[in-house]
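Novice: For the sequence shown, full-length UniProt numbering assigns the number 1 to the initial residue and increments by one for each residue that follows.
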Amino acid sequence: MIKPDEKNRHNKIFVFGSKVTGPSHLVKNTPCQDAWNFKIPVDNTAIIAVSDGLGSALHSDTGSKLAVNTAIESISNHFLIRYEDGIFSADITKNNCLIKDAFQDAVSKLKDYSGENNIPIRDLACTLIVIFIDKNEICIGQIGDGGVVGMCDAKSIILSEPAQSEYINEVTPITSANWNEKLKISSHNKDIRALAAFTDGCQRAVLVKKNEIYEPFEPFFKPLLKYSLSAENAEDASEDVKNLLSSGKMTENSDDDKTLVIAAIDNI
Numbered sequence: 001m002i003k004p005d006e007k008n009r010h011n012k013i014f015v016f017g018s019k020v021t022g023p024s025h026l027v028k029n030t031p032c033q034d035a036w037n038f039k040i041p042v043d044n045t046a047i048i049a050v051s052d053g054l055g056s057a058l059h060s061d062t063g064s065k066l067a068v069n070t071a072i073e074s075i076s077n078h079f080l081i082r083y084e085d086g087i088f089s090a091d092i093t094k095n096n097c098l099i100k101d102a103f104q105d106a107v108s109k110l111k112d113y114s115g116e117n118n119i120p121i122r123d124l125a126c127t128l129i130v131i132f133i134d135k136n137e138i139c140i141g142q143i144g145d146g147g148v149v150g151m152c153d154a155k156s157i158i159l160s161e162p163a164q165s166e167y168i169n170e171v172t173p174i175t176s177a178n179w180n181e182k183l184k185i186s187s188h189n190k191d192i193r194a195l196a197a198f199t200d201g202c203q204r205a206v207l208v209k210k211n212e213i214y215e216p217f218e219p220f221f222k223p224l225l226k227y228s229l230s231a232e233n234a235e236d237a238s239e240d241v242k243n244l245l246s247s248g249k250m251t252e253n254s255d256d257d258k259t260l261v262i263a264a265i266d267n268i
């Protein structure tokens, strides 16, 4: 997943992360249904996508992988179009439009795969978080649970929170007919020094809820995001994340699959 030219910290945006199969999935001998990926299309720019396949969906592991890779490809394609003055298509397209298009393309991909393989679209159900970082802002789109926390002035803040639902364990996936109504897009200034995106399996360990409002669990994020600013090798850092996700502190909060992806952002 991490390419050779992305292993070491030479870019001002440094991305690493990992996913682990939840204990409940290991007992049932079912695959990890989480997926994540990222791309650095040009210097000082990053695209990150994280997805959690719904446990009730038969092929959600496939759905989450398709959603993640399609969303990243959708945005990165804007860096393949370059005009005579050196400006990319991404430079003249609003970031929230890039995010919306990424979700639309991911949904279309799942519909196409469903039809081509005679699989009900509901069997590919998954959540999706897409993050686009450039020199101007951080733009985040989200459908479903999981979330994104950022570090600004040594304080952790929620950048994108889990979707609210009427019932416990109720999640709206991107395969829902009303997915576009559930899409939340937020933009944040470039003062964010680092961010962490995570799936539902991490949620109880990393967020606390006070008066129905989510807050980052500071004892978790403060050392993690501080570590991200000093990490030098993505493979080593990703292995550290994997060990963290497999630790007793994490598994005692949830036996579900867990994904945690971190981006450290120098001054760009």
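Ideal placement from N, C-alpha and C gives every residue a C-beta, glycine not left out. Just so it is clear, the structure is predicted and the values come from calculations on it, not from any experiment.
(1) What would DSSP say about residue 272, mapped onto helix, strand or coil?
(2) Please name the residue, chosen from Asn-211, Asp-43, Thr-127 and Gly-147, that lies closest to Val-51 on a Cα-to-Cα basis.
(3) How many Å lie between Thr-251 and Asp-91 at the Cα?
(4) By Cβ distance, which residues of its chain are closer than 6 angstroms to Asp-61, with the 5 residues on each side in sequence left out?
(5) Of the residues Lys-209, Thr-21, Tyr-113 and Ser-238, which one's Cα is nearest the Cα of Asp-257?
(6) Just the Cα atoms here: how many angstroms apart are Asp-105 and Ile-48?
(7) From the DSSP output, read off the bridge partner residues of Tyr-214.
(8) Taking just the CA atoms, how far does Phe-16 sit from Ile-181?
(9) Pop quiz: Ile-262 and Glu-215 are said to be a contact at Cβ under 8 angstroms. What is the actual Cβ separation, rounded to whole angstroms?
(10) Near Phe-198, which residues of its chain fall below 7 angstroms by C-beta distance, leaving aside the five closest residues on each side in sequence?
(11) Is any heavy atom of the ligand SAM found at a distance shorter than 7 angstroms from the C-beta of Ser-254?
(12) Opposite Thr-259 in the DSSP bridges: which residues?
(13) Return the chain-ordered list of same chain residues with a C-beta closer than 7 angstroms to the C-beta of Leu-58, the five sequence neighbours on each side being excluded.
Specialist: Working from what's here:
(1) An answer regarding residue 272 cannot be provided, because it is not within the stretch 1 to 268 covered by the chain.
(2) Checking the sequence, you will find Ser at residue 51 rather than Val. Taking only the C-alpha atoms, the option nearest Ser-51 is Thr-127.
(3) 42 angstroms
(4) Pro-31, Gln-33 and Gly-53
(5) Thr-21
(6) 15 angstroms
(7) Lys-209
(8) Reading off the sequence shown, one finds Glu at residue 181, where the question assumed Ile. If you take the alpha carbons of Glu-181 and Phe-16, they lie about 31 angstroms apart.
(9) Not quite, the Cβ-Cβ distance comes to about 19 angstroms (not below 8 angstroms), so this is no contact.
(10) Gly-146, Gly-147, Val-206, Thr-259 and Leu-260
(11) Inclusion of the ligand SAM in the displayed structure is not the case, the ligand content being empty and no account of it being possible.
(12) Lys-19
(13) Asp-123
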